[in-house]
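Have a look at the structure below before the remarks.
In our numbering, the protein residues as written are 190 to 633.
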């Protein structure tokens, strides 16, 4: 990432990430499609509305590992391979610990959190069953993301794609087999996902054990280096908190949606699967920009890092807006993928029409946050997201829904808060000039 064409390096890195996440999103959609068409409205509401809670738990854990990726990328760019080795093994050891924690917390805590979210009684049993089974795969989920982060930090975004392809195919086949053939209901969809998660984790970890590179994992060296872990957490905790505050806000949003009943839950949950496609270019370019920025700052290439940031933001924003426009124009058609019930379709279409044309602002905020993370300024995105996407969003919904008690009021929360965070990130970037030699942070 420190040499050659900037645009080519970023696109070639982002493309496998995009394809991999596309596959991941597709098998999430397949879960909903199979459940919605073969198990009915209540099961669809249970699966679709679980996304916010899953992101609340998994998002925090995975956010912690952003710090490891930044350090590995920075030291790799600086050719400090001993530090890379230490960071890789510390991240791996910490990943195992946090994976076990995620599994236990998810299995034991899901019913309580669902109750706090105000999940309707007719959906509660299915939601609890689905989430408890899903979180049995918590260790697999965290370890895959840990291994994936290690590969990406050294510039390899292809191998995680290969493992996701295998995982997605496995999940799809098992979805149809467990739900339609063996008649296992919503449990079948969850078990299929768990098996797919562990498969991708095992494949990626085995490759790290055998790869020919400085990021190779040696079993006897898997242990936590205290100083390295402190550095990783210093950078990773703000991102973990950022993910959590976004998730907390979304859980609050979901709680308000739940008050409108299972039809609203199913419609909004189906929309969230579609919105996931807008996140594909965002996440792809975010991952590329964090790696590109950290490696080039580690190598002292400030001008190259700045040019890469500019290209990545423009490309990511453009791709997201194209997807948003496509969803807007084809909203009814896309919603019919999940269900043929007119009231559910109408709810999803309404949400698409309110939010999709603002995906450019959603992308811009995430991309600016990824650049700042790569530059070691992980606290800035945390505070921006905490203020805009959590506190302001929750305050707006709490007040506005009482004044205008219609579901459109909830939908408007997203474009409003995306706009606010985009303005703040722009002001910060212009004022601070993070790629100036005097402003570069070397916290690693």
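Glycine is no exception: its CB is placed at the ideal position from the N, C-alpha and C atoms.
Margin query: So, with DSSP's three-state summary, where would you put residue 208?
Written below: As a first step, residue 208 must be located in the chain shown, where it is residue number 19. In the structure shown, residue 208 sits in a helix (DSSP, three-state: H, G or I).
Item checked: Whole-angstrom distance between residue 281 and residue 379, CA atom to CA atom -> Here the question's residue 379 lines up with position 190 in the chain shown. Here the question's residue 281 lines up with position 92 in the chain shown. Near 26 Å, if we compare the C-alpha coordinates of residue 281 and residue 379.
Note to self: Using only CA atoms, which one of 620, 453, 510, 191 lies nearest to residue 544?
What the structure shows: Position 355 of the chain shown, counted from the start, is the residue given in the question as residue 544. Residue 544 has its Cα closest to that of 510, out of 620, 453, 510, 191.
Next item on the list: Tell me, to the nearest whole angstrom, how far the beta carbon of residue 391 is from that of residue 359; I am working on the premise that it is less than 8 Å.
Entry: Residue 391 sits at position 202 when you count from the first residue of the chain shown. Residue 359 sits at position 170 when you count from the first residue of the chain shown. About 12 Å; that fails the 8 Å criterion.
Check: Along the chain, where does the alpha helix (DSSP H) that runs through residue 475 open and close?
Finding: In the chain shown, counting from the first residue as 1, residue 475 sits at position 286. Element bounds for residue 475: 451-487.
Notebook entry, point to check: With distances taken from CA atoms, which of 348, 448, 334 is nearest residue 287?
Noted result: Your numbering for residue 287 matches position 98 in the chain shown. For the residues 348, 448, 334, the minimum Cα distance to residue 287 belongs to 334.
Note to self: Quick test of your reading: residue 254 and residue 284, contact by CB under 8 Å. State the CB separation rounded to the nearest angstrom.
What the structure shows: To locate residue 254, count along the chain shown from 1; it is residue 65. To locate residue 284, count along the chain shown from 1; it is residue 95. Residue 254 to residue 284, Cβ: 7 Å. Contact.
Check: Looking at C-alpha atoms only, which residue of 558, 589, 274, 552 is the closest neighbour of residue 428?
Finding: The count along the chain shown starts at 1 and reaches residue 428 at position 239. Measuring from the Cα of residue 428, the nearest candidate turns out to be 558.
Next item on the list: Could you tell me whether the stretch 459-474 touches the stretch 609-620, using the rule of 3 or more Cβ pairs below 8 Å?
Entry: Judged by Cβ distances under 8 Å, the stretch 459-474 makes no contact with the stretch 609-620, as fewer than three pairs qualify.
Next item on the list: May I ask which residues mark the beginning and end of the alpha helix (DSSP H) holding residue 607?
Entry: Taking the chain shown and counting its residues from 1, one reaches residue 607 at position 418. First-last of the alpha helix (DSSP H) with residue 607: 602-621.
Note to self: Can you look up residue 510 in the DSSP assignment and give me helix, strand or coil?
What the structure shows: To locate residue 510, count along the chain shown from 1; it is residue 321. The three-state secondary structure of residue 510, taken from DSSP, is helix.
Notebook entry, point to check: Under the three-state reduction of DSSP, which class applies to residue 427: helix, strand or coil?
Noted result: Sequence index remark: in the chain shown, residue 427 carries index 238 (1-based). Three-state DSSP puts residue 427 in a helix.
Margin query: Rounding to the nearest angstrom, what Cα-Cα distance links residue 621 and residue 561 in this structure?
Written below: As a position in the chain shown, residue 621 is number 432, starting the count at 1. As a position in the chain shown, residue 561 is number 372, starting the count at 1. Answer to the nearest angstrom: the Cα atoms are 11 Å apart.
Next item on the list: Determine the closest residue to residue 318 out of 420, 342, 375, 482, with distance taken between C-alpha atoms.
Entry: Within the chain shown, residue 318 is the residue found at index 129, counting from 1. Nearest option by C-alpha distance: 375.
Note to self: With the cut-off set at 8 Å, would you say residue 501 and residue 467 are in Cβ contact?
What the structure shows: The residue labelled residue 501 in the question sits at position 312 within the chain shown. The residue labelled residue 467 in the question sits at position 278 within the chain shown. In this structure, residue 501 keeps its C-beta atom at 8 Å or more from the C-beta atom of residue 467.
Notebook entry, point to check: Among residues of its own chain, excluding the 5 on either side of residue 480, which ones have a beta-carbon nearer than 8 Å to its beta-carbon?
Noted result: In the chain shown, counting from the first residue as 1, residue 480 sits at position 291. Taken in chain order, the residues that qualify are 190, 202, 258, 262, 341, 342, 344, 563.
Checklist line | residue 632 to residue 420 span [Cα, whole Å] | finding: Stepping through the chain shown from its first residue, residue 632 is reached at position 443. Stepping through the chain shown from its first residue, residue 420 is reached at position 231. At residue 632, the pLDDT of 46 sits below 50, so the modelled position is not reliable; the number obtained from the coordinates is stated separately. Answer to the nearest angstrom: the Cα atoms are 8 Å apart.
Notebook entry, point to check: Around the Cβ of residue 399, are there at least 16 other Cβ atoms within 10 angstroms (buried) or fewer (exposed)?
Noted result: Start at 1 with the first residue of the chain shown, and residue 399 comes out as number 210. It counts as exposed.
Next item on the list: Have a look at 599, 541, 600, 272 and flag the residue whose alpha-carbon is nearest the alpha-carbon of residue 403.
Entry: Position 214 of the chain shown holds residue 403. Nearest C-alpha to residue 403: 272.
Next item on the list: For the alpha helix (DSSP H) holding residue 347, just list the boundary residues, first then last.
Entry: In the chain shown, the residue the question calls residue 347 occupies position 158. Counting along the chain, the alpha helix (DSSP H) containing residue 347 begins and ends at 347-364.
Check: Would residue 533 pass as a contact of residue 456 if the rule is Cβ separation under 8 Å?
Finding: On the chain shown, position 344 is the one that residue 533 refers to. On the chain shown, position 267 is the one that residue 456 refers to. Cβ distance < 8 Å, so residue 533 and residue 456 count as in contact.
Margin query: Check whether the stretch 572-583 and the stretch 483-503 touch, using three or more Cβ-Cβ pairs below 8 Å as the test.
Written below: no
Notebook entry, point to check: What is the DSSP secondary structure of residue 343, reduced to helix, strand or coil?
Noted result: Position 154 of the chain shown, counted from the first residue, corresponds to residue 343. Residue 343: coil per DSSP, three-state reduction.
Next item on the list: Report the rounded CA-to-CA distance for residue 354 versus residue 431, giving the unit in angstroms.
Entry: In the chain shown, counting from the first residue as 1, residue 354 sits at position 165. In the chain shown, counting from the first residue as 1, residue 431 sits at position 242. Separation of residue 354 and residue 431 (C-alpha to C-alpha, rounded to the nearest whole angstrom) is 29 Å.
Next item on the list: State buried or exposed for residue 304, treating a residue as buried only when at least 16 other CB atoms are found within 10 Å of its CB.
Entry: Mapped onto the chain shown, residue 304 falls at position 115. Residue 304 is exposed by the Cβ-count criterion.
Check: Cα separation between residue 369 and residue 546?
Finding: Residue numbering aside, residue 369 sits at position 180 when the chain shown is read from its first letter. Residue numbering aside, residue 546 sits at position 357 when the chain shown is read from its first letter. Going from the Cα of residue 369 to the Cα of residue 546 covers about 37 Å.
Notebook entry, point to check: Within the present structure, is the beta-carbon of residue 474 separated from the nearest heavy atom of the ligand HEM by less than 7 Å?
Noted result: By its list of ligands, the structure shown contains no ligand whatsoever, and the ligand HEM lies outside what it can speak to.
Check: Going by other Cβ atoms of all chains shown within 10 Å of its Cβ, with 16 needed for buried, is residue 443 buried or exposed?
Finding: Residue mapping note: residue 443 aligns to position 254 of the chain shown, counting from 1. Flag for residue 443 reads buried.
Next item on the list: Please determine, among 357, 196, 595, the residue with the shortest C-alpha to C-alpha distance to residue 447.
Entry: Here the question's residue 447 lines up with position 258 in the chain shown. Selected option, being the one with the closest Cα: 595.
Check: What residues in its chain sit with their C-beta under 8 Å from that of residue 205, if we drop five residues either side in the sequence?
Finding: Within the chain shown, residue 205 is the residue found at index 16, counting from 1. Taken in chain order, the residues that qualify are 346, 347, 349, 350.
Notebook entry, point to check: Do you know offhand how far residue 411's Cα is from residue 274's?
Noted result: Position 222 of the chain shown holds residue 411. Position 85 of the chain shown holds residue 274. Roughly 10 Å separates the two Cα atoms.
Checklist line | Of the residues 363, 357, 576, the one placed nearest residue 211, counting alpha carbons only | finding: Sequence index remark: in the chain shown, residue 211 carries index 22 (1-based). Per the Cα distances, 357.
Note to self: Can you list, in chain order, the residues of its chain with a C-beta nearer than 7 Å to that of residue 516? Leave out the 5 residues immediately preceding and following it.
What the structure shows: Translated into the one-based positions of the chain shown, residue 516 becomes position 327. The residues are 463, 523, 541, 545.
Margin query: Is the separation between the beta-carbon of residue 325 and that of residue 301 shorter than 8 Å?
Written below: Numbered from its first residue, the chain shown carries residue 325 at position 136. Numbered from its first residue, the chain shown carries residue 301 at position 112. No. Outside cutoff.
Note to self: Let me confirm a value: residue 364 is counted as buried when at least 16 other C-beta atoms fall within 10 Å, else exposed. Which label applies?
What the structure shows: Stepping through the chain shown from its first residue, residue 364 is reached at position 175. Classification of residue 364: buried, given that the 10 Å Cβ count is 16 or more.
Notebook entry, point to check: Between residue 266 and residue 525, what straight-line distance do the alpha-carbon atoms span, to the nearest angstrom?
Noted result: Along the chain shown, read from residue 1 onward, the residue named residue 266 stands at position 77. Along the chain shown, read from residue 1 onward, the residue named residue 525 stands at position 336. Their backbone Cα atoms lie some 47 Å apart in a straight line.
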